[in-house]
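Protein chains in written order, with my numbering: chain A, 8 to 373; chain B, 16 to 368.
Where is the CB? At the ideal position from N, CA and C, for every residue including glycine.
These numbers were taken from a predicted model, which means no experiment stands behind them.
First the structure, in the form of structure tokens, and then the observations on it.
In structure tokens:
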């Protein structure tokens, strides 16, 4: 049986991948974690797990020794995503790994990609979020490393990955349970979702297909809109989809403090951050704290007298995601990887509701 | 008063992160003098030895003086608790042993017998008995303030956050989440209500340690309990919920939480945790987690001086250990409804010993 090392094996995709590979007999899985405590998430299985820092190529190479494939699912803040990219590829090369599968993100095209976007579209020069910029940079670095190195590389760009343990399910459920959930424009925005099992199937195929150096967008055919996607979770949380009010979209802050924030999240700043002395960081932080803040929002007229709950306010990321007007294509994955989503939407919903009950987030089914 | 000589057995994550700062505080305030440190891993031993430079730091308990009247604090992996405790008691030491007291009832009974034979104290490290909210809950239950207990729901855990120093922490021999968090939860239930008459258990171990457990129990007077424990569920809605003949009682499970009670048809009442404690160490930090450990030590030191009795004598922990052992031995597979049918069948097959 092939040996597959998984970096980031204790995240929500990683745990499901280990379950599917180990219980499904697809491969011998070797989780690699950066600290012993992370092993709790997989302790129910008897696995050959290793502890190594993803930025330490020598330690990681030792952990990868004897593995045929490396699935790189590890994520972190933007700085670490960039920092670990080259050491991970180097480690795979030193250990003689045949192929590395890098799970990037469809968000390298932005949360709301332009109509017509495909894998071949040029990536934006400027990104709204440091995470997107870091993933795009990691892709560039890996492709450059592949052009010089021996380890085959496949890059996957899944859309909104959801399923058991996913924030995309838990957060709306809990917002509905608290009565604070709200739509953006009635939830009409297009979603590019992929159920976690279907992503794991794609990773499995990416390990075998003749697709070295290729990039694949991945999403399921259903659901099509954010309203369809969110309805099962908010209804499980006790809100009726038709009775949900609209939320307030995120409004970017203005003024000096907003400019400071833009500098803070800029990729160059993030790249330099680890090298800046703490004393200097504290001084800059103190100066930023002294900058004039934009005026606080006044309560909307009428709300306090009608007794209506305050409207929900969406995060910047959710606002952008729900403004998406383009269905990303998954044809390349279908034709080149031979992939198609095996778990359909109703089954995926039922399994995820089952996990919510397992996690005591929903009462038991009668 | 002369400081009590104390030896710390085990300088892993628990010894280093929890016991070392508490013992340093007790040493500064003249209540103990750390005379010995035992840890097989040299780097960890050296790290803790820097905090207690006067202590004799050794790799094994056999390297300590053969006979001593010191208080030995066992914070080593649970698999060696029984052997270490019996040896230390036989050498004349008193022992405070971390939870789980032992991995089997037979081991724990041998420890209790060794303490009786040596005429030494053997305290169990059930620190949650020293939480102010659990003391308030017990006082109110005993006084009948809440009425007759009918149903209790305990949800403990979440995403594993303890800084385990080694992957060995997760080996099945250490009992998984059941012996980790379950030691505390089941001990409190037995401490408050006595041993249950009937129990059942389910867990998700599939060749490794259990990381999710469900336990149910019933007491002779009719009280029913459901206990849910997890090492991997980030959003687990943790807390204790007790339904009684007079209403409902809640506690979030934290050392600094409060006990809230809502009588039938009424609003919530916050039951203030006691403002003074017979074991109070620092009145400013009564509710904090380290203060709980300090209170535990003060209880043990008071018992050694004949001022008070132990709040968690080892013999009193045997009922919860029987429950743990039974739950481990007779566990049924915990169904994981997000797995495919094939995966679920394989998980069940791997669960079989």
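Proximal residues of chain B, C-beta to C-beta of residue i below 9 Å
i, result
"residue 30 (chain A)", "221, 354, 355, 357, 358, 359, 360, 361, 362 and 365"
CA nearest to the CA of residue i, picked from the options
i, options, result
"residue 192 (chain B)", "A:51, A:193 and A:228", "A:51"
"residue 369 (chain A)", "A:36, A:244, A:96 and A:112", "A:244"
"residue 34 (chain B)", "B:319, B:334, B:304 and B:327", "B:304"
"residue 210 (chain B)", "B:92, B:219 and B:200", "B:200"
"residue 62 (chain A)", "A:46, A:75, A:73 and A:83", "A:83"
"residue 16 (chain A)", "A:54, A:152 and A:158", "A:54"
"residue 141 (chain B)", "B:163, B:150 and B:267", "B:150"
"residue 112 (chain A)", "A:93, A:102, A:59 and A:88", "A:88"
"residue 423 (chain B)", "B:107, B:281, B:338 and B:363", "Since the first and last residues shown for chain B are 16 and 368, residue 423 (chain B) lies out of range."
"residue 280 (chain B)", "B:103, B:45 and B:260", "B:260"
"residue 69 (chain B)", "B:343, B:48, B:256 and B:86", "B:48"
"residue 150 (chain A)", "A:93, A:103, A:350 and A:193", "A:93"
"residue 107 (chain B)", "B:80, B:74 and B:362", "B:80"
"residue 197 (chain B)", "B:20, B:97 and B:172", "B:172"
"residue 66 (chain A)", "A:96, A:107, A:156 and A:211", "A:96"
"residue 259 (chain A)", "A:326, A:213, A:41 and A:12", "A:326"
"residue 72 (chain B)", "B:56, B:360 and B:83", "B:56"
"residue 92 (chain B)", "B:268, B:26, B:366 and B:86", "B:26"
"residue 84 (chain B)", "B:143, B:36, B:366 and B:110", "B:110"
Contact under 7 Å by Cβ, residue i with residue j
i, j, result
"residue 262 (chain B)", "residue 277 (chain B)", "yes"
"residue 77 (chain A)", "residue 99 (chain A)", "yes"
"residue 148 (chain B)", "residue 229 (chain B)", "no"
"residue 214 (chain B)", "residue 236 (chain B)", "no"
"residue 201 (chain A)", "residue 237 (chain A)", "no"
"residue 89 (chain B)", "residue 113 (chain B)", "yes"
"residue 119 (chain A)", "residue 330 (chain A)", "yes"
"residue 30 (chain A)", "residue 38 (chain A)", "no"
"residue 146 (chain B)", "residue 318 (chain B)", "no"
"residue 364 (chain A)", "residue 371 (chain A)", "yes"
"residue 332 (chain B)", "residue 139 (chain B)", "yes"
"residue 80 (chain A)", "residue 166 (chain A)", "no"
"residue 249 (chain B)", "residue 174 (chain B)", "yes"
"residue 199 (chain A)", "residue 328 (chain A)", "no"
"residue 22 (chain B)", "residue 51 (chain B)", "yes"
"residue 168 (chain A)", "residue 359 (chain A)", "no"
"residue 353 (chain B)", "residue 361 (chain A)", "yes"
"residue 141 (chain A)", "residue 85 (chain A)", "yes"
"residue 143 (chain A)", "residue 161 (chain A)", "no"
"residue 346 (chain B)", "residue 218 (chain B)", "yes"
"residue 104 (chain B)", "residue 129 (chain B)", "yes"
"residue 233 (chain A)", "residue 196 (chain A)", "yes"
"residue 12 (chain B)", "residue 47 (chain A)", "Examination of residue 12 (chain B) is not possible in this model, given that chain B is present from 16 through 368 alone."
Contact set between residue i and chain A, taken where Cβ atoms lie within less than 8 Å
i, result
"residue 246 (chain B)", "47, 48 and 50"
"residue 53 (chain B)", "Correct list: empty, because the minimum Cβ distance to chain A is about 21 Å."
"residue 37 (chain B)", "Those do not exist, as residue 37 (chain B) stays about 21 Å from chain A at its closest Cβ, beyond 8 Å."
Residues that residue i contacts on chain A, provided the C-beta gap is smaller than 7 Å
i, result
"residue 250 (chain B)", "177, 366 and 368"
"residue 170 (chain B)", "367"
Chain B contact residues for residue i, given Cβ-Cβ distances below 7 Å
i, result
"residue 26 (chain A)", "354 and 358"
"residue 33 (chain A)", "Correct list: empty, because the minimum Cβ distance to chain B is about 11 Å."
"residue 358 (chain A)", "352 and 353"
Chain A contact residues for residue i, given Cβ-Cβ distances below 9 Å
i, result
"residue 351 (chain B)", "26, 171, 361, 362 and 365"
Residue i: CB within 6 Å of a non-hydrogen atom of the ligand ATP
i, result
"residue 19 (chain A)", "Ligands displayed in this structure: none; no statement on the ligand ATP is therefore possible."
Taking a cut of 7 Å between CB atoms, which residues from the region 198-226 of chain B lie near chain A? 219, 220, 221, 222, 223, 224, 225 and 226
Selection of the region 37-58 of chain A by Cβ proximity to chain B, strictly under 7 Å: Flagged, chain order: 43, 44, 46, 47, 48, 50, 51, 52, 53, 56 and 58.
Select from the region 205-223 of chain A all residues with a C-beta closer than 7 Å to any C-beta belonging to chain B, and list them in chain order. none
Ordered list of alpha helix (DSSP H) runs contained in the region 132-210 of chain A, each at least 4 residues: 137-155 and 174-184
Counting only runs of 3+ residues fully inside the region 55-137 of chain A, write out the beta strand (DSSP E) ranges in chain order. 76-79 and 106-110
Using a Cβ-Cβ cut-off of less than 8 Å, list which residues of the region 159-175 of chain A approach chain B; keep chain order. The residues in question are 170, 171 and 172.
Please list the residues of the region 329-353 of chain A that have a C-beta atom closer than 9 Å to any C-beta atom in chain B, keeping them in chain order. 350
Tell me the start and end of each unbroken beta strand (DSSP E) in the region 126-157 of chain B that is at least 3 residues and wholly inside, in chain order. 137-140
If you scan the region 33-114 of chain B from start to end, which runs of the beta strand (DSSP E) of 3 or more residues do you find wholly inside it? 47-53, 71-73, 86-89 and 109-113
Where the region 173-197 of chain B meets chain A: residues whose CB sits under 9 Å from a CB there: 174, 175, 176, 177, 178, 179, 180, 181, 182, 183, 184, 185, 186, 187, 191 and 192
For the region 232-245 of chain B, which residues have a beta carbon sitting closer than 8 Å to at least one beta carbon of chain A? 243 and 245
3 or more residues per run - each beta strand (DSSP E) lying fully within the region 239-275 of chain B: List check, beta strand (DSSP E) in window: 239-245, 254-259 and 262-266.
Which full runs of the alpha helix (DSSP H) of 4+ residues lie inside the region 333-357 of chain A, going along the chain? none
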